[in-house]
Amino acid sequence: MAVTDSFARRATLARSVRLLSAFRYEQPEPARFYGALAADTVAMVSDLWGAATGESPAGRTLLDIGGGPGYFAAAFAAAGVRYIGVEPDPGEMHAAGPAHEAGGRGATFVRASGMALPFADDSVDICLSSNVAEHVPRPWRLGSEMLRVTRPGGLAVLSYTVWLGPFGGHEMGLTHYLGGARAAARYARKHGRPAKNNYGSSLFAVSAAEGLQWAAHTGALVAAFPRYHPRWAWWLTSVPLVREFLVSNLVLVLAPR
């Protein structure tokens, strides 16, 4: 069985619509959006792990790079996973408030960079990075660190927003098609402050082709698919250029050996 078979059955049009609908609440009601995203991420990782190993991820150790507030910690803890979150910004760790921090009791949080993880080789079962690679200047260094700390027989799941996709500009919206620097300047003029995800400092142009090339070069790639698309649209990942615009978020699944 392919590692994506179980998750592919979950990847329906209804799921895609549900997640897209939740996205509009990211700013006004972050708990509503990130709670839904966390639950969906747990389901995705559980399906991938189950297909690869034939087992539940409960009791396994998961390292989440850029986990931010406690939404993901709470969701993985509820699934019985030993959760370790890595976040370079202490403000992000507490952004969800005490309720969600309490939900992640039993989880461990470490302040560190995903490009230099303070963990030993082969030390975790699953390494996850959700929507982080586009926020670091060396995304494939982050990917290499994920592989380094994941034990043979484990899984590394790297999911990132493709720059030329419709959500590549984050809060800058579709103005990123004018160019990253121009979109950042336009946002600053309109709002009187730079965007949180500011092009060139906290947001970078990462392509689908770059991720696929890096992953193939590692020899550990076992699957690649668009995270939020229904299964019948996964073929877009295999079409050069088209995937840059229509694959809004690319998932790379790697199995170290």
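The UniProt record's numbering numbers the first residue of the sequence shown as 1 and each following residue consecutively. Glycine included, every Cβ here is placed at the ideal spot set by N, Cα and C.
Tell me the DSSP secondary structure of residue i in three-state form.
i           : result
residue 254 : strand
residue 169 : coil
residue 193 : coil
residue 82  : strand
residue 224 : strand
residue 242 : helix
residue 76  : helix
residue 212 : helix
residue 203 : strand
residue 175 : helix
residue 286 : Residue 286 lies beyond the range of the chain shown here (1 to 257); nothing can be said about it.
residue 236 : helix
For residue i and residue j, what's the separation of their Cα atoms in angstroms?
i           : j           : result
residue 78  : residue 61  : 14 Å
residue 228 : residue 185 : 29 Å
residue 113 : residue 149 : 14 Å
residue 28  : residue 22  : 11 Å
residue 198 : residue 163 : 13 Å
residue 135 : residue 71  : 19 Å
residue 49  : residue 190 : 45 Å
residue 167 : residue 120 : 34 Å
residue 172 : residue 126 : 32 Å
residue 236 : residue 210 : 16 Å
residue 255 : residue 141 : 17 Å
residue 86  : residue 117 : 8 Å
residue 216 : residue 138 : 17 Å
residue 245 : residue 165 : 4 Å
residue 218 : residue 76  : 28 Å
residue 249 : residue 5   : 19 Å
residue 206 : residue 81  : 30 Å
residue 131 : residue 232 : 23 Å
residue 37  : residue 243 : 22 Å
residue 201 : residue 7   : 34 Å
Could you round the C-beta distance between residue i and residue j to whole angstroms and report it? I think they count as a contact, below 8 Å.
i           : j           : result
residue 151 : residue 123 : 7 Å
residue 169 : residue 183 : 6 Å
residue 257 : residue 208 : Residue 257 to residue 208, Cβ: 25 Å. No contact.
Regarding residue i and the ligand ADP, is the C-beta to nearest heavy atom distance less than 7 Å?
i          : result
residue 13 : Summarising the ligand content, the structure contains no ligands, and the ligand ADP is consequently not present.
Open item on the list: Quick check on the DSSP output: what are the complete beta strand (DSSP E) runs of length 3 or more inside the stretch 136-163, in order along the chain?
Closed with: 150-161
- [ ] Could I get the ranges of all uninterrupted beta strand (DSSP E) runs contained in the stretch 12-36, with 3 residues as the minimum, in chain order?
- [x] none
TODO: Check whether the stretch 144-155 touches the stretch 171-187, counting contact only when three or more Cβ pairs, one atom from each stretch, lie closer than 8 Å.
DONE: Look at the beta carbons and you see the stretch 144-155 not touching the stretch 171-187: under three pairs across the two are nearer than 8 Å.
Open item on the list: Whether or not the stretch 5-24 and the stretch 214-231 are in contact is what I'm after, with contact meaning three or more pairs of Cβ atoms, one per stretch, closer than 8 Å; do they touch?
Closed with: With three or more CB-CB distances shorter than 8 Å, the stretch 214-231 counts as touching the stretch 5-24.
Open item on the list: Threshold first: 4 residues or longer. Then list the alpha helix (DSSP H) segments lying entirely within the stretch 35-72, N to C.
Closed with: Those alpha helix (DSSP H) runs which fall completely within the stretch 35-72 and span 4+ residues do not exist here.
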